[in-house]
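Notes for the one structure printed next.
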Ligand code: F6R
């Protein structure tokens with residue numbers, strides 16, 4: 032795991048963009064939520080300058096039963112952020128079908144499509160409860176894309192996108208499984224703010240456990256974890272990570 036600790040989330044987003052841009056014309060896995068927005072802004076700039084173009088992208092997750100026109104549906108969020116501005120088109124941006132009559136079958140079909148395409152680089156955010164994708168605590172560490180029930184902490188965390196009403200946040204979603212995510216060649220996780228500090232500590236220094244699903248990333252051979260100072264506040268070996276990052280990635284110090 033390579034851990035980059037940055038003064039601000041903007042600096043981390045610029046360093047993250049450099050990592051993505053080094054893989055031109057790649058198949059990306061893309062997260063939603065607020066964390067990757069700075070990175071997506073950097074990728075749009077890079078596309079405008081001709082420095083980057085994604086060949087296709089697969090979303091991590093989608094709410095089940097959300098209205099197709101709802102602005103917080105993840106397909107719509109990703110269309111706004113990425114479509115026509117990073118090389119992606121409506122045909123090359125893939126999302127799970129949260130409105131399928133049979134969400135279980137839709138999840139399986141999505142998993143098959145991801146496996147066939149192969150994700151070069153998976154962008155991840157981190158839930159305050161340690162979820163990646165929407166793999167909530169207590170699930171299988173080798174799960175495939177599946178229907179998941181959102182933890183109440185997650186519905187509270189995401190209420191800010193739904194008029195501050197946790198009840199308005201859909202209760203279920205289709206998410207790439209941990210086993211699916213782990214098949215991406217590179218994992219790039221961003222985490223910002225004090226609310227992520229406990230999860231970051233488990234992710235980097237905790238025991239691998241379904242209680243903190245993100246800890247499965249310790250078993251992946253190429254992982255970048257980019258944080259701001261607040262999210263890194265609980266790391267016991269922060270000084271070592273800083274030294275390692277500046278030795279290996281001085282060009283990414285932003
Ligand atoms: C979103 C996703 C989630 C979020 C996580 C953090 O597609 O899979 O794991 O990355 O809930 O959300 P934010 O970035 O809003 O704090």
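Residue numbers (the numbering used here): 32 to 285. Note that CB positions come from ideal geometry on N, CA and C, so glycine has one too.
Query - Buried or exposed by the 16-neighbour rule on C-beta atoms within 10 Å, applied to residue 256 - result: The residue you call residue 256 lines up with position 225 of the chain shown. By the Cβ-count criterion, residue 256 is buried, with 16 or more other Cβ atoms from all chains shown falling within 10 Å of its own Cβ.
Query raised in the report: Does DSSP put residue 41 in a helix, in a strand, or in coil?
Result: Residue numbering aside, residue 41 sits at position 10 when the chain shown is read from its first letter. Helix at residue 41.
Requested in this report: Could you have a look at residue 91 and say whether DSSP puts it in helix, strand or coil?
Outcome: The residue you call residue 91 lines up with position 60 of the chain shown. Reduced to three states, the DSSP call for residue 91 is coil.
**Report entry** Run of the alpha helix (DSSP H) containing residue 233, from where it starts to where it stops
**Finding:** Within the chain shown, the letter at position 202 stands for residue 233. Looking at the DSSP string, the run of the alpha helix (DSSP H) that includes residue 233 is 228-236.
Report task. Compute every distance between the C-beta of residue 156 and the non-hydrogen atoms of ligand 1, then say whether any falls below 6 Å. Result -> One-based indexing of the chain shown puts residue 156 at position 125. Under cutoff, so the answer is yes.
**Report entry** Rounded C-alpha distance that separates residue 274 from residue 33
**Finding:** Along the chain shown, read from residue 1 onward, the residue named residue 274 stands at position 243. Along the chain shown, read from residue 1 onward, the residue named residue 33 stands at position 2. Just so you know, the alpha carbons of residue 274 and residue 33 end up roughly 11 Å apart.
Query raised in the report: Between residue 266 and residue 132, what straight-line distance do the alpha-carbon atoms span, to the nearest angstrom?
Result: As a position in the chain shown, residue 266 is number 235, starting the count at 1. As a position in the chain shown, residue 132 is number 101, starting the count at 1. One Cα belongs to residue 266, the other to residue 132, and the distance between them is close to 44 Å.
**Report entry** Beta-carbon proximity of residue 215 to residue 262, cut-off 7 Å
**Finding:** Here residue 215 is taken as the residue at index 184 of the chain shown, counted from 1. Here residue 262 is taken as the residue at index 231 of the chain shown, counted from 1. No, these two residues do not count as a Cβ contact at 7 Å.
Requested in this report: Could you name the residues of the same chain whose beta carbon sits closer than 7 Å to that of residue 95, not counting the 5 residues immediately before and after it, in chain order?
Outcome: Here residue 95 refers to the residue found at position 64 when the chain shown is read from its first residue. 129, 134, 178, 201, 203, 204 and 205, listed in sequence order.
Query raised in the report: Should residue 259 be counted as a contact of ligand 1 given a C-beta to heavy atom distance under 6 Å?
Result: As a position in the chain shown, residue 259 is number 228, starting the count at 1. It does not: the Cβ of residue 259 is nowhere closer than 6 Å to a heavy atom of ligand 1.
Report task. Please go through the same chain and pick out, in chain order, the residues whose beta-carbon is closer than 7 Å to the beta-carbon of residue 67, but skip the five residues on each side of it. Result -> Your numbering for residue 67 matches position 36 in the chain shown. Apart from the 5 residues on each side of it in sequence, residue 67 sits with its Cβ closer than 7 Å to the Cβ of 154, 156 and 221 in its chain, given in chain order.
Query - From 121, 119 and 46, residue whose alpha carbon lies closest to that of residue 219 - result: By 1-based counting over the chain shown, the position of residue 219 is 188. For residue 219, the nearest C-alpha among the options comes from 46.
Query raised in the report: Using a Cβ-Cβ cut-off of 7 Å (strictly less than) and excluding sequence neighbours within five positions of residue 187, which residues of its own chain qualify?
Result: Residue numbering aside, residue 187 sits at position 156 when the chain shown is read from its first letter. So the qualifying residues of the chain are 197.
Requested in this report: Taking only the alpha-carbon atoms, compute the straight-line gap between residue 181 and residue 62 and give it to the nearest angstrom.
Outcome: Position 150 of the chain shown, counting from 1, holds the residue named residue 181. Position 31 of the chain shown, counting from 1, holds the residue named residue 62. Straight through space, the alpha carbons of residue 62 and residue 181 are spaced by roughly 16 Å.
Requested in this report: Give me the Cα-Cα distance between residue 123 and residue 54, rounded to the nearest whole angstrom.
Outcome: On the chain shown, residue 123 is found 92 positions in, with the first residue counted as 1. On the chain shown, residue 54 is found 23 positions in, with the first residue counted as 1. Residue 54 has its alpha-carbon roughly 17 Å from the corresponding atom of residue 123.
**Report entry** Within 7 Å, strictly: CB atoms of residue 69 and residue 40
**Finding:** Here the question's residue 69 lines up with position 38 in the chain shown. Here the question's residue 40 lines up with position 9 in the chain shown. Yes, they are a contact pair.
Query raised in the report: What is the DSSP secondary structure of residue 73, reduced to helix, strand or coil?
Result: As a first step, residue 73 must be located in the chain shown, where it is residue number 42. Of the three classes helix, strand and coil, the one that applies to residue 73 here is helix, per DSSP.
Query raised in the report: Apart from the five residues just before and just after residue 151, which ones in its own chain have a Cβ nearer than 8 Å to its Cβ?
Result: Counting from 1 along the chain shown, the entry for residue 151 is found at position 120. By the criterion of a C-beta distance shorter than 8 Å, residue 151 is surrounded in its chain by 54, 57, 58, 59, 215, 216 and 217, once the five residues flanking it on both sides are discounted.
Query raised in the report: Hey, is residue 210 close to ligand 1, as in C-beta under 6 Å from one of its heavy atoms?
Result: One-based indexing of the chain shown puts residue 210 at position 179. Residue 210 has its CB no nearer than 6 Å to any heavy atom of ligand 1.
Query - Opening and closing residue of the beta strand (DSSP E) in which residue 96 lies - result: Reading the chain shown from its first residue, position 65 is the one you call residue 96. Going by DSSP, residue 96 is part of no beta strand (DSSP E) at all; its letter is neither H nor E.
Query - residue 285 versus residue 73 - alpha carbon distance - result: Sequence index remark: in the chain shown, residue 285 carries index 254 (1-based). Sequence index remark: in the chain shown, residue 73 carries index 42 (1-based). Only weak support exists for where residue 285 lies, its pLDDT of 46 falling under 50; the coordinates are left without a value.
Query - Reference residue 35, options 258, 268 and 278, closest by Cα - result: The sequence position of residue 35 within the chain shown is 4, counting from 1. That would be 258, whose Cα lies nearest to the Cα of residue 35.
**Report entry** Residue(s) in a DSSP beta bridge with residue 199
**Finding:** For the purposes of this step, residue 199 is taken as the residue at position 168 of the chain shown. In DSSP, residue 199 forms no bridge with anything.
Query raised in the report: Excluding the five sequence neighbours on either side, which residues of its own chain have a C-beta within less than 7 Å of the C-beta of residue 164, listed in chain order?
Result: Position 133 of the chain shown, counted from the first residue, corresponds to residue 164. Result list for residue 164: 91, 92, 206, 207 and 212, in chain order.
Query raised in the report: Given a threshold of 16 other Cβ atoms within 10 Å of its Cβ, counted over all protein chains shown, does residue 111 qualify as buried or as exposed?
Result: Taking the first residue of the chain shown as position 1, residue 111 is located at position 80. With fewer than 16 other Cβ atoms within 10 Å, it is exposed.
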